[in-house]
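Working notes for the structure below.
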Amino acid sequence: MVKPASSETRLLHNLVRLHGRDPRGFEATVLPSRMVRVMAPSGAAFYPLEGWTSRFVRHLHQGFFDQRHPTTLSRETGSSGAGGTG
1 MVKPASSETR
11 LLHNLVRLHG
21 RDPRGFEATV
31 LPSRMVRVMA
41 PSGAAFYPLE
51 GWTSRFVRHL
61 HQGFFDQRHP
71 TTLSRETGSS
81 GAGGTG
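Residue 25 in UniProt numbering is what sits at position 25 of the sequence shown, and the numbering runs on without skipping anything.
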């Protein structure tokens with residue numbers, strides 16, 4: 001049986017949706033240290049419980065939770081020798 005999402009995770013999903021992003025893979029947990037751990041597909045962050053939503057939204061807006069794409073030398077995927085040096 002699937003565990004119901006915490007109120008923090010539901011709030012997090014709503015914030016992510018409001019910014020036009022897919023909330024799948026985002027999860028928020030309140031830790032005993034009064035920190036909120038935000039897990040995302042591209043990483044994790046920790047925020048003080050007081051004001052965590054505004055800090056998270058700022059980081060979301062700045063792209064901290066965007067997927068990273070590796071840099072490639074060429075977009076060409078042609079046959080062997082196409083666009084190469086040899």
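By construction, the Cβ of each residue, glycine as well, lies at the ideal position given by its N, Cα and C atoms.
Keep in mind it's a predicted model, so treat the numbers as computed, not measured.
Reduced DSSP secondary structure (H/G/I, E/B, other) of residue i
i           : result
Glu50       : coil
Ala5        : coil
Arg58       : helix
Arg17       : helix
residue 121 : There is simply no residue 121 to check, as the chain begins at 1 and stops at 86 in what is shown.
C-beta contact flag for residue i and residue j at 8 Å
i     : j     : result
Pro4  : His13 : no
Glu27 : Thr9  : yes
Val16 : Leu49 : no
Contacting residues, own chain, Cβ-Cβ under 7 Å from residue i (five flanking each side not counted)
i     : result
Gly25 : Ala40, Pro41
Leu31 : Arg37
Arg55 : Tyr47
Cut-off 6 Å between Cβ atoms - residues of its own chain near residue i, not counting five sequence neighbours on either side
i     : result
Thr29 : Arg37
Phe46 : Met35, Arg37
Bridge partners - residue i, DSSP secondary structure assignment
i     : result
Gly43 : Ala40
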